[in-house]
Amino acid sequence: MSVRTRATTWSLGLSGLLLLVVVASAGIGAVTIPPRTVAAILADALPVPVGVSLGGATALPVVGPVPTPTLEFASPFEFAVPRPARIIVLSVRLPRILLAALVGFALATAGTVMQGFFRNPMADPSIVGVSSGAAVGAVATIVLSLSIPFGMEGAAFVSAVVTAFVVYLIATEGGRTPVATLLLAGVAVQTFLGAVISFLLLQSGESLRQVVFWLMGHLAGATWSEVGMLAFVLPLPFVLLVAHARDLNVLLLGEEDAHALGIEVERTKQLLLATASVVTAAAVSVSGVIGFVGLVVPHMLRLLVGPDHRVLLPASALAGASFLVATDTVARSGGAEIPVGVVTAAVGAPFFLYLLRTREVRSP
16 MSVRTRATTW SLGLSGLLLL VVVASAGIGA VTIPPRTVAA ILADALPVPV GVSLGGATAL
76 PVVGPVPTPT LEFASPFEFA VPRPARIIVL SVRLPRILLA ALVGFALATA GTVMQGFFRN
136 PMADPSIVGV SSGAAVGAVA TIVLSLSIPF GMEGAAFVSA VVTAFVVYLI ATEGGRTPVA
196 TLLLAGVAVQ TFLGAVISFL LLQSGESLRQ VVFWLMGHLA GATWSEVGML AFVLPLPFVL
256 LVAHARDLNV LLLGEEDAHA LGIEVERTKQ LLLATASVVT AAAVSVSGVI GFVGLVVPHM
316 LRLLVGPDHR VLLPASALAG ASFLVATDTV ARSGGAEIPV GVVTAAVGAP FFLYLLRTRE
376 VRSP
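Numbering (our numbering), first residue to last: 16 to 379.
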């Protein structure tokens, strides 16, 4: 079976799984909604183009007013669904579910790239300090009551990207960035930022609960604007990473062999690191620090589909989306809501230990 066929087969299968998980999750909560009703609501909410209408005119030089074509959308279905169920699914649960899917997609994508980049199955998206950097930005905004553009999410994103850039500068010397040096620089910067976060926690006062909740990772209060932001940011970096999946495969052979095979090693490393860091920063900025998604999911999928990143990257991304939707459903389904980062750690850590004990750890 060709690589393209394998990638398509796994992607279609995992996309189907994600759809099933989304439908099941949307029906679970304080008010239980049957999957059939959820499917009808989602089908009704899915618009399709039905025609083109000519609206207001646009003035053009010489030609004059020209009618502007407008694409018309409508739902092909009109299922009889109770209005309260429709409001619960579309206004309350669906934004959170889609945000969980996008965050899981992003973290699993970044984790796959980082494990291949560092040639280490224990690597995760936060290995170069991106999560710690985002945490400093978010916690500082909460504790110091800072008023900045785009709020806490903007502060977390900028702080995360700056942290990744600083780690890269520290590890780079003479135009080269040794992977081992980058790893050690990331660990050192994470340790320093951990101290900064601890200091801010001591100053948090009444905002301590909000800070701790953010640091544990959460998806409560998800909004359509956050969903739209991630849906806008993620596609281009993901396409860019998939386009360089073959280069990532070659880098697994070692930098000297990769150079001999025609790969611009330093440029490729810069692109992979920068893109994965942006993807991680975007996810963490809206969800807080959610662990184990970018560690366990890529490792599990590598055991299933193999180490070829042309197949592994899209498969891990889709599996990560399903995993986080499922764990967030567990987090919000109890009597009191639990931060989803607690659930991912509770599920991911034992499962990862099981893999380590029962299967040989397969290096990227």
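Using N, Cα and C, we set each Cβ at its ideal position, and we do this for glycine too.
The beta carbon of residue 132 sits closer than 8 angstroms to those of 138, 194, 263, 266, 284, 287, 288 and 291, all from its chain and outside the five residues before and after it, given in chain order. An exposed status is given to residue 254, since fewer than 16 other beta-carbon atoms sit within 10 Å of its beta-carbon. For residue 221, the three-state secondary structure derived from DSSP is helix. Under DSSP, residue 191 shares a beta bridge with 188.
Judged by their CB atoms, residue 250 and residue 293 are not nearer to each other than the 8 angstroms cut-off.
Fewer than three pairs of CB atoms, one per stretch, sit closer than 8 angstroms, so the segment 339 to 355 makes no contact with the segment 152 to 161. With a beta-carbon spacing of about 11 angstroms, residue 53 and residue 44 fall beyond the 8 angstroms limit used to define contacts.
Short of 8 angstroms from the beta carbon of residue 94, and not among the five residues preceding or following it, lie these beta carbons of its own chain, in chain order: 55, 56, 58 and 59. Scanning 30, 47, 111 and 128 for the CA closest to the CA of residue 328 turns up 128. Spanning the alpha carbons of residue 110 and residue 188 requires a straight line of approximately 44 angstroms. 158 is the residue among 311, 317, 158 and 369 whose C-alpha sits nearest the C-alpha of residue 230.
In the structure shown, residue 264 adopts helical secondary structure according to DSSP, grouped into three states. Contact between residue 297 and residue 121 is confirmed by a C-beta separation of about 6 angstroms, below the 8 angstroms threshold. Distances from the CA of residue 170 to each of 148, 191 and 185 were compared; the closest alpha carbon is that of 148. Taking a cut-off of 8 angstroms on C-beta distances, the segment 231 to 249 does not touch the segment 311 to 329, as fewer than three cross pairs fall below it. By alpha-carbon distance to residue 336, the top candidate from 347, 92, 309 and 360 is 309. Taken atom to atom, the span from the alpha-carbon of residue 160 to that of residue 220 is near 12 angstroms. Note on the segment 291 to 378: whole alpha helix (DSSP H) runs with a minimum of 4 residues are 308 to 320, 324 to 347 and 355 to 373, in chain order. Rounded to whole angstroms, residue 28 and residue 162 show a C-alpha spacing of 45 angstroms.
Rounded to whole angstroms, the gap between the alpha carbons of residue 341 and residue 144 is 27 angstroms. One alpha carbon belongs to residue 173, the other to residue 92, and they sit about 43 angstroms apart. Taking C-alpha positions only, residue 350 is separated from residue 281 by approximately 51 angstroms.
Annotation: residue 17 is outside any alpha helix (DSSP H) and is labelled neither H nor E by DSSP. Straight through space, the alpha carbons of residue 37 and residue 202 are spaced by roughly 36 angstroms. Beyond the five residues adjoining it in sequence on each side, residue 130 comes within less than 6 angstroms, by CB distance, of 136, 138, 313 and 379 in the same chain, given in chain order.
The DSSP-derived three-state label of residue 137 is coil. If you look at residue 231, you'll find it isn't in any alpha helix (DSSP H); DSSP assigns it neither H nor E. Straight across, the Cα-Cα distance linking residue 112 with residue 272 is about 43 angstroms.
By the neighbour-count definition (other C-beta atoms within 10 Å, threshold 16), residue 315 is a buried residue. With respect to the C-alpha of residue 141, the residue from 257, 299 and 207 having the closest C-alpha is 299.
Spanning the alpha carbons of residue 242 and residue 185 requires a straight line of approximately 34 angstroms. Residue 274 sits in a helix when the DSSP states are folded into three classes.
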